[in-house]
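S.K.: All residue numbers for the sequence shown refer to our numbering, where the first residue is 4 and numbers rise by one. Every residue, glycine too, gets a C-beta built ideally from N, C-alpha and C.
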Amino acid sequence: MNRREILGLLIAAPMVARAQSMKDMAGTLKDPLISMLMSQLGLTDKQASGGMGSMLTLAKEKMPNTDFSKLTSLLPQASKYLDSAKQQGVVAKPLKNTAGLNGALSKLGMNADTVGKFVPTVADYVGKIGGEPAKNMLLGALK
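Structure below.
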């Protein structure tokens, strides 16, 4: 290798590393809900998606199918969240109530403070994208 080739590699290496870092971040940025939960509640990607899956599992248990379909139409990654909760082993049977949901969130490694903030944070997000009726529908199902 000559000096010109070595210099070119030295210049290109940081750009390649930065591009990979940007690509890694893009996976999280594609899902604004997960990104928001990670930044506001300090969750990992797995905790956020597993928590959403747990919450949606309880909502599905409590809501009429038409209402649940309306809710999931606002959350394009809903099936991914449901799968994540199952794959992580936090939802293996019906959750039945908020105590079951809180237990599932705790299994994901969330502390009591974060568990208490999870549903209101998601409900606010749903309210911003689907309006107050959507927010109230979700909160009503999770009571």
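I'd like to know whether the C-beta atoms of aspartate 127 and glutamine 80 end up nearer to each other than 8 Å.
M.R.: In the sequence shown, residue 127 corresponds to position 124, counting from 1. In the sequence shown, residue 80 corresponds to position 77, counting from 1. Cβ atoms of aspartate 127 and glutamine 80: not closer than 8 Å.
S.K.: With the cut-off set at 8 Å, would you say alanine 115 and leucine 77 are in Cβ contact?
M.R.: Residue mapping note: residue 115 aligns to position 112 of the sequence shown, counting from 1. Residue mapping note: residue 77 aligns to position 74 of the sequence shown, counting from 1. Taking 8 Å as the Cβ cut-off, alanine 115 and leucine 77 do not qualify as a contacting pair.
S.K.: Do you know whose CA, among Lys73, Gly119, Gln50 and Leu61, lies nearest lysine 96's CA?
M.R.: Numbered from 1 along the sequence shown, position 93 holds the residue referred to as residue 96. Nearest C-alpha to lysine 96: Leu61.
S.K.: Starting from alanine 88, trace the alpha helix (DSSP H) in both directions and tell me its first and last residue.
M.R.: To locate residue 88, count along the sequence shown from 1; it is residue 85. Here the alpha helix (DSSP H) through alanine 88 covers 81-90.
S.K.: Just mark alanine 88 as buried or exposed, buried being the case when its beta carbon has 16 or more other beta carbons within 10 Å.
M.R.: As a working mapping, residue 88 is identified with position 85 in the sequence shown. Label assigned to alanine 88: buried.
S.K.: Mapping the DSSP letters down to three states, classify threonine 47 as helix, strand or coil.
M.R.: Working through the sequence shown from its first residue, we reach residue 47 at position 44. In this structure, threonine 47 counts as coil in the three-state DSSP scheme.
S.K.: From this set, Thr101, Leu36, Leu85 and Leu74, which residue's C-alpha is nearest methionine 146's C-alpha?
M.R.: As a first step, residue 146 is located in the sequence shown; it is residue number 143 there, counting from the start. It is worth fixing the name first, because residue 146 is lysine in this sequence and not methionine. It is Thr101.
S.K.: Go ahead and label glycine 45 buried or exposed: buried means 16 or more other beta carbons lie within 10 angstroms of its beta carbon, across all protein chains shown.
M.R.: Indexing the sequence shown from 1 puts residue 45 at position 42. Result: exposed.
S.K.: DSSP three-state call for aspartate 127: helix, strand or coil?
M.R.: Here residue 127 corresponds to residue number 124 of the sequence shown, with the count starting at 1. Note: aspartate 127 maps to helix in three-state DSSP.
S.K.: Between which two residues does the alpha helix (DSSP H) carrying methionine 140 extend?
M.R.: Residue numbering aside, residue 140 sits at position 137 when the sequence shown is read from its first letter. Here the alpha helix (DSSP H) through methionine 140 covers 135-144.
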